[in-house]
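Heads up, the sequence shown stops at 130 in our numbering, and the numbers go up one at a time, no gaps.
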Amino acid sequence: MEASFKRQVIVLGVGAVVFLALLAMPTPEALTPEGQRMLAVTALMAIWWIGEGTSISVTALLPLVLFPLL
61 MEASFKRQVI
71 VLGVGAVVFL
81 ALLAMPTPEA
91 LTPEGQRMLA
101 VTALMAIWWI
111 GEGTSISVTA
121 LLPLVLFPLL
């Protein structure tokens with residue numbers, strides 16, 4: 061049970077770091093700022109889904125929460 065919890069924490073942390081890194085990096089010339097934010101949210105969702113950091117239902121709600129905030 062402890063290994064599963066550690067794995068979830070690692071997956072959540074990696075997802076958050078990738079999300080913040082994608083938001084912080086300079087916007088590429090061919091990408092709009094909105095597209096960069098979309099990429100960051102999509103990467104976060106993909107990492108959390110694949111790594112099973114949270115349930116799929118929680119991950120599916122991320123865009124509803126994050127898009128208005130970004």
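Glycine included, each C-beta is placed from N, C-alpha and C at the ideal position.
For LEU82, which of helix, strand or coil comes out of DSSP?
On the sequence shown, residue 82 is found 22 positions in, with the first residue counted as 1. Three-state DSSP puts LEU82 in a helix.
Could you tell me the alpha carbon to alpha carbon distance between VAL125 and THR92, rounded to whole angstroms?
In the sequence shown, counting from the first residue as 1, residue 125 sits at position 65. In the sequence shown, counting from the first residue as 1, residue 92 sits at position 32. Those two C-alpha atoms are separated by around 21 Å.
Any chance the stretch 61-74 sits against the stretch 92-103, with 3 or more Cβ pairs inside 8 Å?
no
Rounded C-beta distance between TRP109 and LEU72? I'm assuming under 8 Å.
For this step, residue 109 is matched to residue 49 along the sequence shown. For this step, residue 72 is matched to residue 12 along the sequence shown. About 12 Å; that fails the 8 Å criterion.
Applying the 10 Å Cβ sphere with the 16-neighbour rule, what's the burial state of LEU129?
Reading the sequence shown from its first residue, position 69 is the one you call residue 129. The residue in question, LEU129, is exposed, as its Cβ has fewer than 16 Cβ neighbours within 10 Å.
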